[in-house]
Amino acid sequence: MNSKLHIALLCININISSAHLRLFYVIIFFTILHSNSQTPGGYDLWLGYPKIEESIVRSEYVKTTNSIFFLTNSDILQTARNELIRGIDAMLERVSDVRDSPNLLNTMWVVKKNDLNQEIQSTLKADFERIGKEGFIVKSVFLDGKGILLISANEDVGILYGVFKLLQLMKMHKSLDGINIVETPKIELRMLNHWDNLDRTVERGYAGFSLWNWQKLPIYIDQRYKDYARANASIGINATVLTNVNANNLVLNSDYLEKAAALADVFRPYGIKVYLTARFSAPIEIGGLNTADPLDKDVIEWWNNKVKEVYKFIPDFGGFLVKANSEGQPGPQNYGRTHVDGANMMASALKPFGGLVIWRAFVYSETDTTDRAKQAYTEFVPYDGNFLDNVLVQVKNGPIDFQPREPFHPMFGAMPNTSLVMEFQITQEYLGFSSHLVFLPKLYEEVLDAETFRKGKNTTVTKVIDGSLFNKKISGMAGVANIGTDMNWTGHPFAQANWYGYGRLAWDPYLSSEIIAEEWLRLTYSNNPEFVKLVKSIMIASREAVVNYMTPMGLHHLMDTGHHYGPGPWVSDLSRPEWNPTYYHNADKNGIGFDRTPSGSNATAQYAPEIAKIFNDPETCPEEYLLWFHHLPWDYKLKNGGILWDAIALKYQKGVDQVEEMISIWKQAKTYISDDQYNEVRMLLEIQIQEARWWRNACLLYFQTFSGKELPPGVERPEESLEHYKSLKFPYAPGN
Ligand code: GCW
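For the sequence shown, this note's numbering assigns the number 1 to the initial residue and increments by one for each residue that follows.
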């Protein structure tokens, strides 16, 4: 319920006789107005529409939106229209005049290209050509000698995105005077990957249970499904994979397809397509065949029929996401076939319906003893050019697994004849779960901006995945969702910024993380410039802080076993070598780090020679990747003259100091937000500082057993012994 309305009702219900009580309510009323968020607990995400008080801005908006011609003849356009009315009515506190036919008083038009007259169409010809299927125009134009605001697009969904754009601008109090925005997404497939199981647990989920209530579907449609779709549409996400890549084949049975279809029906008016994960062995498990060999004719027929059935339920079904021959999942290699055989077989079944296969490259073998970081490249790059054109290969941002920092995956740029999808993780499996404030667009930006040097200079990862470098027709980005049933959707209020920021970068991978942070803060909390400046500085520093207190200088995968909660650098007894942190840090009395140069695993050879050369030499290797690529002595001299051991220790300390700084800045931001908003994050920061100290202490005590050196001045002494840290067990850590 709207909080203002709520207070008003309270006042009616209770017979307030005392003046004191009256004053009390007045105070509550103003406290609530003070904050931007309209429903408690952050449910509104970045989509609350608080009243605009500033009179100049307000009067401009009132004038612009006074009389609106909104031609509405589809479900998506109806969604857009509802959103526009909801937004402007709330922000301007009035009932707006929106009609299906034009009149002379119109101040604004929301009309698709084909419904505009020829004259405007030809004036805006260049714009319409630029915006493609999903882009939009928000522009001041002259119509019969009168200035109006026009929102237009080639397709319905462009109108929806244009409406959200306008509302966001208004929420940020931007002037609409002479506005001229012509935007189109730079990536075609902007996907969320839910690792949601049918029992509603979420693999690596830290925000409650899965949103999808399979038990009550298809009849019961939870309001959350619509709110979820609305949030995604507002940032341009157009695809969602409902189920975990560790797939349960039951979702391909008709009873579940009917449920998935009900979700697809909810998402369609928001421009979002549904995808499912497909378990490769489904023909055996639910099809009753005795093989899932992709070249077997019964298997091929089974998939053809299954796909036909899926499209009966979901006519605009997006396709299958497949994790095959990875971490125990079945795949074509079980039958002596290749990834190409498997992916192309499914792609052929989907092709007549326009569906896609998204085949994951996250593979590493239980028998292959070569450096895990090399395996995906070794396996996939030779297949470049062999996949059908409705197959996309989805590659994690780095060669290991969503670590706080990894160099970019060498497959980016190495497969010019294959469409590669970037897979980012939004859920914070290795970055403190939903208790740590970490602004991930900083990480995403670093990967996207990385130079691949595959076609000379200035050939960044972004240019690989947006398709511009190798003229790829389909481009894509996937984000492993951090969304669940928690009241605020993501567990940590600032984890909403990672969902938001992921969507913004999928729309435009050239955007800077600073701009995204600022937008999100303004849309979520407050337009106050002081507040934005303060809190933006927390967000921007937060990613480097977590790298420092968990895995500085290129260290990686030091997390405890299974759940990945907290430090476990000492773990060395797991059945597969590459599951052990000791495999990655290789600490011994001589030094620390993974030698991936030609004298070691030679993983650097998978990068372009120009990049490999930089990584190969510890003198030129960026310090943040030093121990990713090199095994170096504890007293190795760094550029600043210090030795490696001291530098590692000081980085751990710095991470802790940075979180302390984040806490002190958050305190300064207190006056700009409500107490609830303040306290929620304050408590989470308390967890974060404790855990940052825990990471520092545990890792330094452990590595010290090898380095044999004292902690340098400036590094706080650990409160507990190494044995204490080693003894900590967390059988119920979430998300496992
Ligand atoms: O990071 C690892 C996770 C697994 C996950 C796997 C993957 C879905 O620990 O939980 O499985 O990656 O990406 O397939």
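The beta-carbon is built from N, C-alpha and C at its ideal position, and this holds for glycine as well.
Task: Reference Y430; option with closest CA among W695, K125, F703 and N106 - done: Start at 1 with the first residue of the sequence shown, and residue 430 comes out as number 430. The candidate whose alpha carbon is nearest that of Y430 is W695.
Open item on the list: Is it buried or exposed, A231, if we count other Cβ atoms within 10 angstroms and call 16 or more buried?
Closed with: Position 231 of the sequence shown, counting from 1, holds the residue named residue 231. Flag for A231 reads buried.
Task: Candidates N586, K186, V547 and L505, of which the one nearest L650 by Cα - done: Numbered from 1 along the sequence shown, position 650 holds the residue referred to as residue 650. Selected option, being the one with the closest Cα: V547.
- [ ] Write down every uninterrupted run of the beta strand (DSSP E) in the stretch 643-716 whose length is 3 residues or greater and which is fully enclosed by it, in chain order.
- [x] none
Open item on the list: Taking only three categories from DSSP, how would you classify S175?
Closed with: Within the sequence shown, residue 175 is the residue found at index 175, counting from 1. Reduced to three states, the DSSP call for S175 is coil.
Task: L23 burial status per 10 Å Cβ neighbour count (16 or more: buried) - done: Here residue 23 is taken as the residue at index 23 of the sequence shown, counted from 1. Per-residue confidence for L23 stands at a pLDDT of 40, beneath the threshold of 50, marking its modelled position as unreliable; the derived number appears in the next sentence. With fewer than 16 Cβ atoms within 10 Å of its Cβ, L23 is classed as exposed.
- [ ] With DSSP as the reference, please indicate the residues paired to D196 in a beta bridge.
- [x] In the sequence shown, residue 196 corresponds to position 196, counting from 1. Beta-bridge pairing links D196 to V202.
Open item on the list: Could you check if R204 belongs to the surroundings of ligand 1, using beta carbon to heavy atom distance under 7 angstroms?
Closed with: Numbered from 1 along the sequence shown, position 204 holds the residue referred to as residue 204. At least one heavy atom of ligand 1 is nearer than 7 angstroms to the Cβ of R204, so yes.
Open item on the list: Can you tell me where the alpha helix (DSSP H) holding D75 begins and where it ends?
Closed with: To locate residue 75, count along the sequence shown from 1; it is residue 75. Run containing D75: D75 to L92, per the alpha helix (DSSP H) assignment.
Task: C-beta atoms of L627 and G554 nearer than 8 angstroms - done: Within the sequence shown, residue 627 is the residue found at index 627, counting from 1. Within the sequence shown, residue 554 is the residue found at index 554, counting from 1. Yes. Within cutoff.
Open item on the list: Can you tell me whether F615 sits near ligand 1, meaning its C-beta is under 7 angstroms from at least one heavy atom of the ligand?
Closed with: Numbered from its first residue, the sequence shown carries residue 615 at position 615. It does not: the Cβ of F615 is nowhere closer than 7 angstroms to a heavy atom of ligand 1.
TODO: If I'm right that H339 touches P330 with Cβ under 8 angstroms, what's the distance once you round it to whole angstroms?
DONE: Residue 339 sits at position 339 when you count from the first residue of the sequence shown. Residue 330 sits at position 330 when you count from the first residue of the sequence shown. Contact doesn't hold; Cβ gap of about 13 angstroms is too wide.
- [ ] May I ask you to report which of helix, strand or coil DSSP gives S575?
- [x] By 1-based counting over the sequence shown, the position of residue 575 is 575. S575: coil per DSSP, three-state reduction.
- [ ] On the DSSP bridge assignment, give the partners of S140 in chain order.
- [x] Reading the sequence shown from its first residue, position 140 is the one you call residue 140. L149.
Task: P734, DSSP secondary structure in three states - done: Translated into the one-based positions of the sequence shown, residue 734 becomes position 734. Residue state, collapsed to three classes: coil.
TODO: Out of A506, I687, A647 and F164, state which residue places its alpha-carbon closest to the alpha-carbon of E710.
DONE: Within the sequence shown, the letter at position 710 stands for residue 710. The residue with the shortest Cα to Cα distance from E710 is A647.
TODO: Mind checking which residues open and close the beta strand (DSSP E) that includes W109?
DONE: As a working note, residue 109 is residue 109 in the sequence shown. Its beta strand (DSSP E) spans residues M108 to V110.
Open item on the list: Tell me the DSSP secondary structure of F470 in three-state form.
Closed with: Along the sequence shown, one-based indexing puts residue 470 at 470. F470: coil per DSSP, three-state reduction.
TODO: Consider the C-beta atom of E285 and the heavy atoms of ligand 1; say whether any pair is separated by less than 7 angstroms.
DONE: Along the sequence shown, read from residue 1 onward, the residue named residue 285 stands at position 285. Outside the cutoff, so no.
- [ ] Would you mind giving the Cβ-Cβ distance between S67 and N106, rounded to the nearest angstrom? I have them listed as a contact below 8 angstroms.
- [x] As a working note, residue 67 is residue 67 in the sequence shown. As a working note, residue 106 is residue 106 in the sequence shown. Sure, about 5 angstroms apart at Cβ, within 8 angstroms.
- [ ] Take H20 and list the residues in its own chain whose beta-carbon comes closer than 6 angstroms to its own, dropping the five residues that flank it on each side.
- [x] Translated into positions along the sequence shown, residue 20 becomes position 20. With a pLDDT of 45 at H20, under the threshold of 50, the predicted position of this residue should be treated as unreliable, and no value is reported.
- [ ] Look at the Cβ atom of I689, then the Cβ atom of H631, and state whether they are nearer than 8 angstroms.
- [x] Position 689 of the sequence shown, counted from the start, is the residue given in the question as residue 689. Position 631 of the sequence shown, counted from the start, is the residue given in the question as residue 631. Cβ atoms of I689 and H631: not closer than 8 angstroms.
Task: Heavy atom of ligand 1 within 7 angstroms of F280 beta-carbon - done: Taking the sequence shown and counting its residues from 1, the one referred to as residue 280 is at position 280. Not under cutoff, so the answer is no.
- [ ] Put R22 into one of helix, strand or coil per three-state DSSP.
- [x] Here residue 22 refers to the residue found at position 22 of the sequence shown. Since pLDDT at R22 reaches only 42, below the 50 mark, its modelled position is unreliable, and the value read off the structure follows with that caveat. In this structure, R22 counts as helix in the three-state DSSP scheme.
Task: Rounded straight-line distance, which links the Cα of D296 to that of L388 - done: As a first step, residue 388 must be located in the sequence shown, where it is residue number 388. As a first step, residue 296 must be located in the sequence shown, where it is residue number 296. Going by the C-alpha atoms only, they are around 18 angstroms apart.
TODO: Have a look at V95 and G501 and give me their C-alpha separation to the nearest angstrom.
DONE: Taking the sequence shown and counting its residues from 1, the one referred to as residue 95 is at position 95. Taking the sequence shown and counting its residues from 1, the one referred to as residue 501 is at position 501. Straight-line Cα distance between these residues: approximately 32 angstroms.
Task: S737 classed as buried or exposed, judged by whether at least 16 other C-beta atoms fall within 10 angstroms - done: In the structure displayed, the chain extends from 1 to 736; residue 737 sits before or after that span and is not available.
Task: Residues near D466 by beta carbon distance below 8 angstroms, same chain, minus five either side - done: Stepping through the sequence shown from its first residue, residue 466 is reached at position 466. Around D466: K186, I187, S475 and P509.
TODO: State the start and end residues of the unbroken beta strand (DSSP E) segment that holds I68.
DONE: In the sequence shown, residue 68 corresponds to position 68, counting from 1. Taken as a continuous stretch (DSSP letters only), the beta strand (DSSP E) holding I68 covers S67 to F70.
Open item on the list: Is W579 near ligand 1 - that is, is its Cβ less than 7 angstroms away from at least one heavy atom of it?
Closed with: As a working note, residue 579 is residue 579 in the sequence shown. No, since every heavy atom of ligand 1 falls outside the 7 angstroms radius drawn around the Cβ of W579.
Open item on the list: Here's the rule I'm using: 16 or more other beta-carbon atoms within 10 Å means buried, otherwise exposed. How should G288 be labelled?
Closed with: By 1-based counting over the sequence shown, the position of residue 288 is 288. Classification for G288: exposed.
TODO: Measure the CB-CB distance between T452 and W46 and report whether it falls below 8 angstroms.
DONE: Numbered from 1 along the sequence shown, position 452 holds the residue referred to as residue 452. Numbered from 1 along the sequence shown, position 46 holds the residue referred to as residue 46. Against a cut-off of 8 angstroms, the Cβ pair of W46 and T452 comes out as no contact.
Task: First through last residue of the alpha helix (DSSP H) which encompasses V299 - done: Within the sequence shown, residue 299 is the residue found at index 299, counting from 1. Counting along the chain, the alpha helix (DSSP H) containing V299 begins and ends at K297 to F313.
Task: Integer-rounded CB distance, given that L92 should sit under 8 angstroms from V57 - done: In the sequence shown, the residue the question calls residue 57 occupies position 57. In the sequence shown, the residue the question calls residue 92 occupies position 92. Contact doesn't hold; Cβ gap of about 10 angstroms is too wide.
Open item on the list: Quick check: does the Cβ of S326 come within less than 7 angstroms of any heavy atom belonging to ligand 1?
Closed with: Residue numbering aside, residue 326 sits at position 326 when the sequence shown is read from its first letter. Yes.
- [ ] Output yes or no for whether 8 angstroms exceeds the beta carbon distance between M484 and A260.
- [x] The residue labelled residue 484 in the question sits at position 484 within the sequence shown. The residue labelled residue 260 in the question sits at position 260 within the sequence shown. The residue you asked about is not Met; residue 484 is Gly in the sequence shown. No.
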